[in-house]
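Chains as they are written, first to last, in my numbering: chain E, -10 to 140; chain G, -10 to 140.
One structure below.
Number of protein chains: 2
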Amino acid sequence: MYRLTESFPYLVNRVGVRIGEAFSRRLEARGVTLPMYRVMAALWEQGDQRLGDLAAVTSVEMSTLSRLVGAMVGKRLLSRRRPEENGRAVEINLTPQGRALVEDLMPLAIRHEALALRGFTPEEVARLKQDLGRVFANLVAYEEEIAPPPP
Amino acid sequence: MYRLTESFPYLVNRVGVRIGEAFSRRLEARGVTLPMYRVMAALWEQGDQRLGDLAAVTSVEMSTLSRLVGAMVGKRLLSRRRPEENGRAVEINLTPQGRALVEDLMPLAIRHEALALRGFTPEEVARLKQDLGRVFANLVAYEEEIAPPPP
DNA sequence: CACTTATATTTGCAAATGCAAATGTTGCAT
DNA sequence: ATGCAACATTTGCATTTGCAAATATAAGTG
C-alpha cells in the first residue's frame, strides 16, 4: 500500500526543505542567501566555471543563475568575463572578497551538517552519502534514457 | 577539507530537485503540478486536515498552500469548509474527483520511486528511508532547541 | 460583558523562478 | 567569403513564492 509520507521523494524533499531553511536562517545574518552560498562554494571548490557548468553543479536553472550571478557581481563577490577563446561562454570566478566570505561561511556549513547528522557514525554518514549518489546516478541515467544525448 | 559537493545538504538538495523535476514532467501530462499531487496524496493518506497540518506535512509555506488549495477547490479537486466546533480553522478534503485523480496518479508515483531506487535492495531502501527520518528528527530537535515551544 | 490575547487563515506586495524567445558567438558547408 | 545550424547566455513576461500585515474567530481576564 502506497503512502506519500513513506515514499522516498517525499522524505528527501522534507529533509531538503528543512535543512535549507535552517541554513538560510544562519546565512541571513551574514547577508547571504542560500543560492549565493552554493554558487560561491561551488566556485571555491572547482575554480572558475562557465554558467552552464555552475547551473549543473548547483541544480539552479540557468536563467535564474544568470540573474543571481549578475547580482553577485554587483556585490563584488564574483567576476564575470568572456574568455578570448570562446566569446559566447562566460567565465565566472570568485573575487578576493567573495573568496574571503565563503571561507568565512564554511565553518558554519560544517557545523550545520554535523548538527543534521547528529547520532550518525562516520560509517553511516559515508554510506548515506554514497546512497544519495547512487540515487542521483539513477536519475541521470533515467533522463538519458528518455532524451538520449546526440550520438 | 570541506567540499560543497560532498556535503550532505548539497547531496540531498541535488536529489530532491532532480527527482521532483522528473516527476513533475510525468504529472504535466495529467494537468497536475507536483505541489498539487503532494496535497492530494497527503489528504488521501491522512483524511481531511486543516491548512496548518497540511502545510506541515507537505513542507509548503502556509500562504502558498492557502492559494494552492484555493486553486484546487476551483478545479473541483478539493473541498474547503469551516468546521462548526472551530470556526477559525479550515477543513480541507478531497472531492470524489480529486480522490479518483490521485488514485490514478499513485501508480505513476510508485513507478517513479522504483526507478530512482533501481539497484537498491529492499533492506537498503528501508535503511535509507530510516536514515532520512533520523536526519529529519535531528532538524526538528534542533529547531526546538533554538525556539523552544511555550511550556 | 467589554477587552485583550491567542489561534488560524488569507491577502498585499515585493522578490524569485522558469519557460520561451531573443541576443550574441562560433563553426561548418557550400 | 556567406549563409546557416549549433552553442551559450541573457532577457521578457507570466507565475509562484514568502514575508508581513490584515482578517476572522475563539478564549481568557478582570
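Ideal Cβ positions, reconstructed from N, Cα and C, are used throughout, including at glycine.
- Think of a sphere of 7 Å around the beta carbon of R107(G): the chain E residues whose beta carbon falls inside it are N127, in chain order.
- Secondary structure remark: continuous beta strand (DSSP E) runs of at least 3 residues inside the segment 6 to 37 of chain G: none found.
- Interface criterion met: the Cβ of R27(G) is under 8 Å from a Cβ in chain E.
- Listed along the chain, the chain E residues whose CB falls inside 9 Å of the CB of V79(G) amount to none; the nearest CB is some 21 Å away.
- Assigned with DSSP and collapsed to three states, E132(E) falls in helix.
- In the DSSP assignment, E80(E) falls within the beta strand (DSSP E) that extends over 80 to 83.
- For the segment 36 to 51 of chain E, the beta-carbon criterion of a distance under 8 Å to any beta-carbon of chain G is satisfied by V46, S48.
- Assigned with DSSP and collapsed to three states, R70(E) falls in strand.
- In its chain, beyond the 5 residues on either side, V28, A31, L54, I81 have a beta carbon closer than 7 Å to the beta carbon of L43(E).
- Below 8 Å, enough C-beta pairs join the segment 99 to 117 of chain G and the segment 113 to 127 of chain E to call them touching: three or more.
- Looking at the DSSP output, R39(G) sits in a beta bridge with E80(G).
- Distance from the CA of S68(G) to the CA of G20(G), rounded to the nearest whole angstrom, comes to 19 Å.
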